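Trainee: Each residue of the sequence shown is one higher than the one before, counting from 113 in this note's numbering. We put the beta carbon where it would ideally sit given N, CA and C, even for glycine. Fair warning: this is a prediction, and the values are worked out from it, not measured in the lab. Dropping a structure here in structure tokens format, bear with me for questions.
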Amino acid sequence: MPPPTPMRTAACGRVCPSGTLVGFVDDDKKYGSGAFNEALAAKGYSVKVTSGDGYSINFDGASVAKNDGIIVANTLNGSPVPQTIGEKNKPCWPLQMVGPAVSAGQKVGGVATIELVGLSEPSEEWEITLAGAFNRTVSQAEFEDWVKCHGKSYTDSKDRVWTGMPLWYLAGAVDDIETGSHWTFNSTQTTAGYTVRVTASDGLTAAFGIADLARNDSFIVANKLNATALTADNGGPLKFVGPASPKQQVGGIVSIALEGLPGESAEPEWTLSLEGRRLRISSRRKNSRRAKRALTTQRPTTTGSAPGPASP
Numbered sequence: 113m114p115p116p117t118p119m120r121t122a123a124c125g126r127v128c129p130s131g132t133l134v135g136f137v138d139d140d141k142k143y144g145s146g147a148f149n150e151a152l153a154a155k156g157y158s159v160k161v162t163s164g165d166g167y168s169i170n171f172d173g174a175s176v177a178k179n180d181g182i183i184v185a186n187t188l189n190g191s192p193v194p195q196t197i198g199e200k201n202k203p204c205w206p207l208q209m210v211g212p213a214v215s216a217g218q219k220v221g222g223v224a225t226i227e228l229v230g231l232s233e234p235s236e237e238w239e240i241t242l243a244g245a246f247n248r249t250v251s252q253a254e255f256e257d258w259v260k261c262h263g264k265s266y267t268d269s270k271d272r273v274w275t276g277m278p279l280w281y282l283a284g285a286v287d288d289i290e291t292g293s294h295w296t297f298n299s300t301q302t303t304a305g306y307t308v309r310v311t312a313s314d315g316l317t318a319a320f321g322i323a324d325l326a327r328n329d330s331f332i333v334a335n336k337l338n339a340t341a342l343t344a345d346n347g348g349p350l351k352f353v354g355p356a357s358p359k360q361q362v363g364g365i366v367s368i369a370l371e372g373l374p375g376e377s378a379e380p381e382w383t384l385s386l387e388g389r390r391l392r393i394s395s396r397r398k399n400s401r402r403a404k405r406a407l408t409t410q411r412p413t414t415t416g417s418a419p420g421p422a423s424p
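Right, here's the structure in full:
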């Protein structure tokens, strides 16, 4: 299960193969072996790379497949890429297209968006946005996978059984940027304190101190009631339930945000937008320490089945 994604932050080191980024948004599988959907690439679509000044070029999707010669670079000789490059001072920072498979005309700098053009229409599944040290969009399929691995239940005063993910687990997915292959709950952040805000599609919100939620499996973001998927009539597709006041039991959840994370900075950092079949992963860096890491998307470096949170 992913550690945490359209626009997502990816810690890929000094450079990131373009196929790795495309694999985040070409379908619902974003991590591990097979994240890049070769079957979709073979059917044909374009990878449109656009600079901050509006200049864009296109790569054929099939040419990007497992091609480490097409690279999105964020450092040059170990340092962040310069603002401009070459005698003509062409834009370079924060990201530059480079590599042996990139022609002179394709070496776009100042990359702001990477968009997959020509993919089939997305399904009607719901999504939820988690916002913290970085932002990620979690699809219905991902959420349901998480529940299979780490789901809990809450029985209310009417003996109704709600099933879903503990809210503190979801906070742990975005409370910091992991260096390992599993995302974990950051207890140090909890000690310092921050707010978890749950927001519904109609704008209704409920806020909680992380100290009240930490490792408390009674506060659930539920997707099922008595083993049946929630609907709009009973607060679906996601509803917050638990030993909280009725006013705090928000239904129709669309986002969960961690506010006031320790070490946050008001200064924004650059953002890379990846737009694909389902996602528009939007991430921003808010911590100066985090900003030293590579791209705006978190991704494990291991291959195989996608990792999830480590045991509490």
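Short of 6 Å in beta carbon distance, which residues of its chain neighbour Pro374, apart from the five on each side in sequence? Order them along the chain.
Mentor: The count along the sequence shown starts at 1 and reaches residue 374 at position 262. Same-chain partners within the cutoff: Gln301, Ala304.
Trainee: Just to check my reading of the structure: Gly173 and Ser158 have Cβ atoms closer than 8 Å, yes? What is that Cβ distance to the nearest angstrom?
Mentor: The residue labelled residue 173 in the question sits at position 61 within the sequence shown. The residue labelled residue 158 in the question sits at position 46 within the sequence shown. Indeed, because the Cβ distance is near 7 Å, the residues count as touching under 8 Å.
Trainee: DSSP three-state label for Glu236, please.
Mentor: For the purposes of this step, residue 236 is taken as residue 124 along the sequence shown, with counting starting at 1. If DSSP states are grouped into helix, strand and coil, Glu236 belongs with coil.
Trainee: Give the C-beta separation of Asp104 and Leu152 to the nearest angstrom, bearing in mind that I take them to be a contact with Cβ-Cβ under 8 Å.
Mentor: The shown model of the chain, from 113 to 424, leaves out residue 104, and the question about it has no answer.
Trainee: On the premise that Arg309 lies in contact with Thr317, defined as a C-beta separation below 8 Å, what is that separation, rounded to the nearest angstrom?
Mentor: Position 205 of the sequence shown, counting from 1, holds the residue named residue 317. Position 197 of the sequence shown, counting from 1, holds the residue named residue 309. Indeed they touch by this definition, with Cβ atoms about 6 Å apart.
Trainee: Using the three-state DSSP reduction, which class does Gln301 fall into: helix, strand or coil?
Mentor: Within the sequence shown, the letter at position 189 stands for residue 301. If DSSP states are grouped into helix, strand and coil, Gln301 belongs with the helices.
Trainee: Look at Leu370 and Ala283 and say whether their C-beta atoms are less than 8 Å apart.
Mentor: Within the sequence shown, residue 370 is the residue found at index 258, counting from 1. Within the sequence shown, residue 283 is the residue found at index 171, counting from 1. In contact: Leu370 and Ala283 (Cβ atoms closer than 8 Å).
Trainee: Which of the three DSSP states is assigned to Ala319 in this structure?
Mentor: Sequence index remark: in the sequence shown, residue 319 carries index 207 (1-based). Looking at Ala319 - three-state DSSP - the assignment turns out to be strand.
Trainee: As a quick exercise: from Val214, Glu256, Thr187, Gly217, pick the residue whose alpha carbon is nearest that of Pro206.
Mentor: By one-based count along the sequence shown, residue 206 stands at place 94. Selected option, being the one with the closest Cα: Thr187.
Trainee: Starting from the Cα of Ile368, find the closest Cα among Ala319, Val259, Cys204 and give me that residue.
Mentor: Counting from one through the sequence shown, the residue named residue 368 turns up at place 256. The shortest Cα separation from Ile368 among Ala319, Val259, Cys204 belongs to Ala319.
Trainee: Which value, in whole angstroms, describes the spacing of the CA atoms of Lys260 and Gln195?
Mentor: Residue mapping note: residue 260 aligns to position 148 of the sequence shown, counting from 1. Residue mapping note: residue 195 aligns to position 83 of the sequence shown, counting from 1. Each residue's Cα considered, the two are about 46 Å apart.
Trainee: Taking DSSP as the reference, what is the three-state secondary structure of Lys290?
Mentor: One-based indexing of the sequence shown puts residue 290 at position 178. One detail in the question is off: residue 290 reads as Glu in this sequence, not Lys. Here Glu290 sits in coil by DSSP.
Trainee: Here's the rule I'm using: 16 or more other beta-carbon atoms within 10 Å means buried, otherwise exposed. How should Thr162 be labelled?
Mentor: On the sequence shown, residue 162 is found 50 positions in, with the first residue counted as 1. Buried, because 16 or more other Cβ atoms sit within 10 Å of the Cβ of Thr162.
Trainee: I'd like to confirm the pairing. Which residues does DSSP put opposite Gln208 in its beta bridges?
Mentor: Taking the first residue of the sequence shown as 1, we reach residue 208 at position 96. DSSP lists Ala185, Gly221 as partners of Gln208.
Trainee: Using the Cα positions of Thr132 and Lys359, report the straight-line distance between them to the nearest angstrom.
Mentor: In the sequence shown, residue 132 corresponds to position 20, counting from 1. In the sequence shown, residue 359 corresponds to position 247, counting from 1. If you take the alpha carbons of Thr132 and Lys359, they lie about 43 Å apart.
Trainee: Which first and last residues belong to the alpha helix (DSSP H) in which Lys260 is found?
Mentor: On the sequence shown, residue 260 is found 148 positions in, with the first residue counted as 1. That run of the alpha helix (DSSP H) goes 252-262.
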